[in-house]
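Participant:
Number of protein chains: 2
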Amino acid sequence: MTKLPNSNNIRIALDVMGGDFAPENEVKGAIFAFNELKNVAGIEFIFVGNEQKIKDVLARTEHSGLNYSIIHTDEIVTMHDDPVAVLKTKKNSSLYMAAELLAKGQADTFVSAGNTGAMLSVSTMLLGRIKGVSRPTIGTYMPTIKSTPTFVLDVGATIDLKPRFLYEFAVMGSIYVSHFLGKDKPTVALLNIGEEETKGTDAIKETYSMLSQSHLNFIGNIEGRDILAGAADVVVCDGFTGNIVLKLAESFLNILKFKIKDYASKGFLNKLKVGMMLPTMKSVLSEFDYQEYGGVPLLGVNGVVIIGHGKSTPKAIKNMIVRSIEFYQKGINSRIETALQNN
Amino acid sequence: MTKLPNSNNIRIALDVMGGDFAPENEVKGAIFAFNELKNVAGIEFIFVGNEQKIKDVLARTEHSGLNYSIIHTDEIVTMHDDPVAVLKTKKNSSLYMAAELLAKGQADTFVSAGNTGAMLSVSTMLLGRIKGVSRPTIGTYMPTIKSTPTFVLDVGATIDLKPRFLYEFAVMGSIYVSHFLGKDKPTVALLNIGEEETKGTDAIKETYSMLSQSHLNFIGNIEGRDILAGAADVVVCDGFTGNIVLKLAESFLNILKFKIKDYASKGFLNKLKVGMMLPTMKSVLSEFDYQEYGGVPLLGVNGVVIIGHGKSTPKAIKNMIVRSIEFYQKGINSRIETALQNN
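Chains G and U, in that order, give the protein sequences. FYI, in this note's numbering the residues of the first sequence are 212 to 554. FYI, in this note's numbering the residues of the second sequence are 212 to 554.
Dropping the structure here:
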């Protein structure tokens with residue numbers, strides 16, 4: 212990360228009320244980020260949310276040197292709020308106000324572990340789309356058996372399958388991944404029901420030919436079984452398919468845990484066996500820990516927006532903040548604009 | 212299973228060359244089925260494939276009392292053959308000839324562990340569709356944390372999403388599952404990106420309303436995370452989504468095995484730990500054994516067609532044969548016709 216003069220602090224608008232453990236994890240995550248970066252970058256936090264609750268967390272957490280201000284609001288966007296209704300009904304919510312700071316140029320990045328749909332609608336409306344982008348997109352890292360995760364997009368922001376949309380997702384995902392996985396020419400694959408280019412619906416076939424003719428490092432179609440095998444750095448699909456893939460994959464570990472518990476409940480010996488097995492299982496599956504990735508960007512909007520899981524831990528929030536700073540410093544959005552204007 | 216007079220044997224056209232271990236597993240599976248059913252049903256096997264190879268397997272396998280005939284052919288449909296090209300180029304293949312026996316009324320059921328796409332195209336052309344069925348469909352059982360599996364359809368036979376298609380899949384899947392899981396009114400769910408009926412594409416929303424107005428036991432939308440949790444007996448989706456869901460889910464165990472191997476390879480202690488853990492893991496995951504289900508039906512065609520996995524063991528083939536007999540005896544297809552004519 213580039214060292215910045217303090218006169219040029221990076222201003223982070225943090226919706227501290229977004230996550231399931233707000234504002235505890237948000238504020239602590241900010242302090243973690245500060246401690247990790249204080250020697251390499253000047254950071255200024257704008258905490259948006261309930262002032263008293265924020266101060267309570269600060270009071271019991273060592274944060275000397277933390278550069279922050281608080282914008283108070285009691286309104287909160289819940290996980291149940293309709294993303295579009297929020298645009299009209301919750302303009303005083305911490306999520307909306309934090310996004311507004313970015314839109315008004317009073318912040319450089321916007322970070323929240325709140326309602327993803329609301330972040331999508333609010334950010335798209337307040338920030339607008341990058342020139343050349345038809346639809347914004349949200350991707351997600353999925354762990355693989357390789358050393359690096361796969362970046363799958365779209366996972367729900369844009370559910371209509373149009374070849375141009377998927378092509379743009381591929382461009383945005385490729386640029387993003389090239390910076391964050393440090394891969395020069397990340398491989399891009401199209402999620403399909405077979406490897407041959409003749410497979411899939413007409414829209415998918417058209418997408419295949421657009422990707423083949425692009426400057427991307429397109430390696431062709433991959434199937435559902437190839438995702439976790441890490442067949443490509445970037446996997447492109449429509450948001451409907453991607454959302455189902457993501458949620459199915461996330462459920463796998465829970466199913467496994469349930470099965471193990473269930474087995475353990477069937478007698479003392481089973482319980483003993485499981486007790487002996489668990490530590491090993493935990494080590495085996497350690498790399499499937501999503502925390503490390505620390506949120507994902509909302510790609511295609513005019514601004515740096517990082518979205519986190521509602522269950523984000525302070526460590527995850529810290530990583531989201533770090534990601535947002537890298538995203539900002541590396542000028543990802545201008546690279547996306549350039550790439551799409553040339554095509 | 213109803214006891215049949217021997218004068219009324221059930222004739223099974225078995226493509227013995229379809230699977231990866233053909234004809235070994237096919238012939239042995241037939242013998243297993245005969246031994247299991249000889250006291251309850253009269254079965255007559257028509258083995259279609261290489262006569263000498265069939266006789267070799269029979270020569271080294273006890274099969275006294277087995278009622279069979281052999282139709283010799285050397286032509287085989289491979290897993291790489293184009294399903295549509297096969298219609299013209301491989302009319303002398305074991306797969307095509309076995310399907311033909313059913314079409315000509317010389318067999319009551321058609322069973323193969325061969326090229327699924329070819330079984331779909333050949334069966335649809337030779338048998339035709341059931342009155343009221345727009346598109347044939349292939350479903351699959353997916354293991355759940357509940358005591359019964361979930362039947363997901365379509366998984367690749369019909370990739371275009373049309374509300375009417377999905378409605379028909381729901382009707383066919385519901386009738387099939389009610390018989391094979393012995394559930395009176397199986398629950399039916401629509402795979403979507405959210406639970407609210409406002410979620411999804413226009414086609415998905417229209418499907419939702421068709422299912423709501425139907426006589427099915429429709430419980431609404433479920434998400435990707437709900438599939439393995441066993442939220443519904445029947446899960447309906449388009450063949451593109453279903454195929455990706457199936458292959459992703461099938462890859463989970465392989466990923467897990469890879470992770471465990473990988474962990475074991477990192478030192479003697481790890482290897483020891485894994486060695487101690489494996490037997491327990493195997494027991495924990497035992498219910499994820501697909502063999503028991505023994506293939507899936509091609510629903511919507513005029514005839515009983517059971518499709519098996521290329522890796523089908525003799526046990527799996529045996530179960531496929533048993534399924535095909537049950538399917539035939541229960542008159543599933545006439546029930547489907549009746550159900551769709553009333554709607």
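All residues carry an ideal CB built from backbone N, CA and C; glycine is no exception. Since this is a predicted model, take the numbers as computed values, not measurements.
For U/L313, which residues of its own chain have a beta-carbon under 6 Å away from its beta-carbon, when the five flanking residues on both sides are left out?
Facilitator: A224, F321 and G514
Participant: Across which residues does DSSP place U/L364 in a beta bridge pair?
Facilitator: U/G350 and U/V447
Participant: Would U/D371 pass as an interface residue toward chain G - the criterion being a Cβ-Cβ separation below 8 Å?
Facilitator: yes
Participant: Identify the residues that DSSP records as bridge partners of U/D413: which are they?
Facilitator: In the DSSP output, where bridge partners are listed per residue, U/D413 has none listed.
Participant: Is it buried or exposed for U/F451, if we count other Cβ within 10 angstroms and need 16 for buried?
Facilitator: buried
Participant: Using a Cβ-Cβ distance cut-off of 8 Å, determine whether U/T452 contacts chain G.
Facilitator: yes
Participant: Determine the extent of the alpha helix (DSSP H) in which U/A400 is found, giving its start and end residues.
Facilitator: No alpha helix (DSSP H) holds U/A400; the beta strand (DSSP E) holding it covers T398 to L402.
Participant: With U/H390 as the anchor, note down where its alpha helix (DSSP H) starts and where it stops.
Facilitator: P374 to F391
Participant: With a CB to CB cut of under 6 Å and the five nearest residues on each side skipped, what residues in its chain are close to U/G384?
Facilitator: G350, F362, L364 and V445
Participant: Short check: CB of U/T348 to CB of U/G511, under 8 Å?
Facilitator: yes
Participant: For G/D226, count neighbouring Cβ atoms within 10 angstroms of its own Cβ and tell me buried if that reaches 16, exposed if not.
Facilitator: buried
Participant: Determine the direct distance from the alpha carbon of G/K373 to that of G/S420, and round the result to whole angstroms.
Facilitator: When only Cα atoms are considered, G/S420 and G/K373 end up about 13 Å apart.
Participant: Is G/S305 close to chain U? Criterion is C-beta to C-beta, closer than 8 Å.
Facilitator: no
Participant: Taking C-alpha atoms, which residue in G/E255, G/A527 and G/L338 lies nearest to G/N278?
Facilitator: G/E255
Participant: Report the option in U/K526, U/S545 and U/I532 whose CA atom is closest to the CA atom of U/I518.
Facilitator: U/I532
Participant: Anything in the stretch 461 to 482 of chain U with a Cβ closer than 7 Å to a Cβ of chain G? List those residues in chain order, please.
Facilitator: E461, S462, F463, I466, F469, K470, I471 and Y474
Participant: Between which two residues does the alpha helix (DSSP H) holding U/P490 run?
Facilitator: It spans F479 to L496 - the alpha helix (DSSP H) in which U/P490 sits, taken as one unbroken run.
Participant: What residues in the stretch 431 to 447 of chain U have a beta carbon less than 9 Å from any beta carbon of chain G?
Facilitator: E434, G435, R436, D437, I438, L439 and A440
Participant: In this structure, does DSSP put U/K541 in helix, strand or coil?
Facilitator: coil
Participant: For U/F232, which of helix, strand or coil comes out of DSSP?
Facilitator: coil
Participant: If U/T284 and U/S304 are in contact, beta carbons under 8 Å, what's the gap, nearest whole angstrom?
Facilitator: Between U/T284 and U/S304 the beta-carbon gap is near 7 Å, inside 8 Å, which marks them as a contact.
Participant: Name the chain G residues whose beta carbon is nearer than 7 Å to that of U/V507?
Facilitator: U/V507 does not reach chain G, its nearest Cβ partner there being about 17 Å away, counting only Cβ pairs nearer than 7 Å.
Participant: Got a sec, what are the start and stop residues for the alpha helix (DSSP H) U/S305 sits in?
Facilitator: S305 to A314
Participant: Name the two residues that bound the continuous beta strand (DSSP E) containing U/G343.
Facilitator: Looking at the DSSP string, U/G343 is not in any beta strand (DSSP E), and its letter there is neither H nor E.
Participant: Going by beta-carbon coordinates alone, are U/V399 and U/L427 separated by less than 8 Å?
Facilitator: Yes, they are a contact pair.
Participant: Let's see if you can read the secondary structure: which residues bound the beta strand (DSSP E) around G/L225?
Facilitator: I221 to D226
Participant: Which residue marks the beginning of the alpha helix (DSSP H) containing G/T300, and which one marks its end?
Facilitator: V297 to T300
Participant: For G/M421, return the contacting residues in chain U, with the cut-off set at a CB-CB distance below 9 Å.
Facilitator: Under the 9 Å cutoff, chain U gives no residues; its nearest Cβ is about 18 Å from G/M421.
Participant: Please give me, in chain order, every unbroken run of the beta strand (DSSP E) with length at least 3 that falls completely inside the stretch 253 to 280 of chain G.
Facilitator: 254 to 260
Participant: Work out the CA separation of G/A318 and U/Q424 for me, nearest whole Å.
Facilitator: Pairing U/Q424 with G/A318, the inter-Cα distance amounts to about 50 Å.
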